[in-house]
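Asks: Have a look at the structure that comes next, please.
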Amino acid sequence: MKWELKMVDYKIADESLAEKGREALYIAEIKMPVTAKVIRERFSKEKPLKGIKVAGCLHITKETGNLVRTLKAGGAEVYLCGSNPLSTQDDVAAALIEEQINVFAWHGNTTEEFYWCIRQCLKAKPNILIDDGADMIVTAHKEFPELIESGTIIGCQEETTTGVKRFRAMEKKGVLKVPLFPVNDARCKNQFDNELGTGQGVIAAIYGMHILFAGKTVVIAGYGHCSSGMALRARGLGAHVIVTEVDPIKALQAKFAGYEVMPILKALSRADILLTATGCKHVIPPNPEIFETFKDGVILGNLGHFDIEIPTKELYSYAKEVRTIRKDVEELTFPSGKKVYLLAQGRLANLVLSEGHPSEVMDMSFALQSLVSEYMVKNREKLKPGIIEIPKEIDDRVGLLKLESMGVEIDHLTEEQYNYIHGYEEGT
Ligand code: RBV
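For the sequence shown, the numbering used here gives the first residue as 1092, with consecutive numbering after it.
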């Protein structure tokens, strides 16, 4: 065993957690039939990623663990670091070391350590980068340009909405130098992982304080895929839901779905629970006068990628006392005596307080990433820098495999129907 361990390069919290991690990986594996069975079995035989180094900057969860096992089964050498300082599950990291995955991640690393871990992965000279939030690929542009200029990097993938937003901004400015597949924008990703996974993230707020949702007023900031899922679940649990938006169409969608819609400043004083998933900064303005409009005892939770939606820095400095009352839940007491409860230091509560999105939905996101990795290797000569939408065939294939794994059959177009739907001649 010892000599085997030497073949992996790693820095994690505690190797002795491996057994617990193995249990977690198994729990996910049996709920990820597409990624962890169908694709993994084929990859084991065909080895489409032979000779390829993949670096992942992802939440280190039992689901990600199964993604990297599949990539490894396909012949890849895998390097992994966390995409958020608080989302790494140390037991999973330990189990992955035993499977010869090079992991640089531990729960609670500092910003400096976070970037050290990213650099360790980039130093391995990876050919494919899989990012969640854009930090690794942006670091490659800034600090490892030779990986891009030499063509070592064949292509990159981005997992989340916030990361894709950053890459679209880079492309617009002409500074995106790698072929970038926005996995988040595939239908099999955002309509399930974002909507159902983040939707179920309201459970994080429940875990945090063990509260009853029924009868509470829950303010949901944003009404994109993530927040609309949360609004639905909160309502299903008996809460009164208020939605805040800046996009008129999304606001209309929320209104017609039966929610109250109003500006955040009007909603704040009504919230028993406030959950953000907008991708934008300072959803609550960073102003103590505004903090004082909160209800006493309000729970504040963010489910967006970065910790800037709730102004945590300003909240901490305004509070006269900050007390951790349970793991990842802090009680902030304001000078007025008012108390607020902050989940996960304003970082993604869905990853920090609960275990991340359920394996069943991550199965689709990670099946996409596996197949897109294979696609990139097969088409490496053709890939040009810039954003490349996920091929529809891959998206459809993942959808069909998922349906098949659930024993669901669907109809297929006849030739006549196909011609009709793709034609224009037939009318009234
Ligand atoms: N996410 N991963 C998990 N269980 O591994 N849960 C959520 C998991 C991803 C999800 O795809 C989302 O886009 C991203 O985390 C936000 O950073």
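Ideal Cβ positions, reconstructed from N, Cα and C, are used throughout, including at glycine.
Closer than 6 Å to a non-hydrogen atom of the ligand RBV - does that hold for the CB of H1373?
Replies: Walking along the sequence shown from the start, residue 1373 turns up at place 282. H1373 Cβ: outside cutoff for every heavy atom of the ligand RBV.
Asks: How long is the line joining the alpha carbons of W1094 and A1115, rounded to whole angstroms?
Replies: Your numbering for residue 1094 matches position 3 in the sequence shown. Your numbering for residue 1115 matches position 24 in the sequence shown. Any reading at W1094 must be qualified, since the residue scores a pLDDT of 45, below 50, and its modelled position is unreliable; the value itself is stated next. The alpha-carbon atoms of W1094 and A1115 are separated by roughly 25 Å.
Asks: Which residue marks the beginning of the beta strand (DSSP E) containing L1492, and which one marks its end?
Replies: As a position in the sequence shown, residue 1492 is number 401, starting the count at 1. Run containing L1492: none in the beta strand (DSSP E); it sits in the alpha helix (DSSP H), K1483 to S1496.
Asks: Checking the sheet assignment: what are the DSSP bridge partners for R1417?
Replies: For this step, residue 1417 is matched to residue 326 along the sequence shown. Note: R1417 sits in a beta bridge opposite V1420.
Asks: How would you call G1265, buried or exposed, if buried means at least 16 neighbouring beta carbons within 10 angstroms?
Replies: Here the question's residue 1265 lines up with position 174 in the sequence shown. Exposed: under 16 other Cβ atoms inside 10 Å.
Asks: Tell me whether K1497, by its Cβ, gets closer than 6 Å to a heavy atom of the ligand RBV.
Replies: To locate residue 1497, count along the sequence shown from 1; it is residue 406. A quick correction: the sequence has Met, not Lys, at residue 1497. No.
Asks: With a Cβ-Cβ cutoff of 7 Å, do T1243 and K1216 count as a contact?
Replies: Here residue 1243 is taken as the residue at index 152 of the sequence shown, counted from 1. Here residue 1216 is taken as the residue at index 125 of the sequence shown, counted from 1. Yes, Cβ-Cβ distance for T1243 and K1216 is below 7 Å.
Asks: Check whether the stretch 1169 to 1188 touches the stretch 1147 to 1158, counting contact only when three or more Cβ pairs, one atom from each stretch, lie closer than 8 Å.
Replies: Yes, the stretch 1169 to 1188 is in contact with the stretch 1147 to 1158.
Asks: Nearer than 6 Å: is that true of the beta carbon of S1445 relative to any heavy atom of the ligand RBV?
Replies: By one-based count along the sequence shown, residue 1445 stands at place 354. Result no, Cβ not under 6 Å from the ligand RBV.
Asks: Once the 5 residues before and after L1187 are set aside, which same chain residues still bring their CB inside 6 Å of it?
Replies: Start at 1 with the first residue of the sequence shown, and residue 1187 comes out as number 96. Excluding sequence neighbours, L1187 sits near G1156 and V1194.
Asks: Put G1315 into one of helix, strand or coil per three-state DSSP.
Replies: Within the sequence shown, residue 1315 is the residue found at index 224, counting from 1. Coil, per DSSP.
Asks: Assuming G1329 contacts A1358 under a Cβ cut-off of 8 Å, what Cβ separation, rounded to an integer in Å, is found between them?
Replies: The count along the sequence shown starts at 1 and reaches residue 1329 at position 238. The count along the sequence shown starts at 1 and reaches residue 1358 at position 267. In fact, because the Cβ distance is near 19 Å, the residues do not count as touching under 8 Å.
Asks: Of all the beta strand (DSSP E) runs that stay within the bounds of the stretch 1109 to 1171, which reach a length of 3 or more residues?
Replies: Qualifying beta strand (DSSP E) stretches, in chain order: 1144 to 1148.
Asks: What does the alpha-carbon distance come out to for the pair A1167 and Y1511?
Replies: The residue labelled residue 1167 in the question sits at position 76 within the sequence shown. The residue labelled residue 1511 in the question sits at position 420 within the sequence shown. Answer to the nearest angstrom: the Cα atoms are 44 Å apart.
Asks: Quick test of the definition: if touching needs 3 or more C-beta pairs under 8 Å, does the stretch 1469 to 1479 touch the stretch 1499 to 1511?
Replies: They do not touch, by the three-pair rule.
Asks: Please state if the CB of V1352 and the CB of L1177 are separated by a distance shorter than 7 Å.
Replies: Start at 1 with the first residue of the sequence shown, and residue 1177 comes out as number 86. Start at 1 with the first residue of the sequence shown, and residue 1352 comes out as number 261. For L1177 and V1352, no; Cβs fall outside 7 Å.
Asks: So is Y1298 buried or exposed if we call it buried at 16+ other beta carbons inside 10 Å?
Replies: Position 207 of the sequence shown, counting from 1, holds the residue named residue 1298. Burial call: buried.
Asks: So the alpha helix (DSSP H) C1371 belongs to, where does it begin and stop?
Replies: Within the sequence shown, residue 1371 is the residue found at index 280, counting from 1. Careful: C1371 lies outside any alpha helix (DSSP H) and carries neither H nor E.
Asks: Given I1333, which residues of its chain have a CB within under 6 Å of its CB, disregarding the five upstream and five downstream residues?
Replies: Position 242 of the sequence shown, counted from the start, is the residue given in the question as residue 1333. Result list for I1333: V1310, E1351 and A1358, in chain order.
Asks: In angstroms with no decimal places, state the Cα-to-Cα distance between I1478 and P1270.
Replies: By 1-based counting over the sequence shown, the position of residue 1478 is 387. By 1-based counting over the sequence shown, the position of residue 1270 is 179. Near 6 Å, if we compare the C-alpha coordinates of P1270 and I1478.
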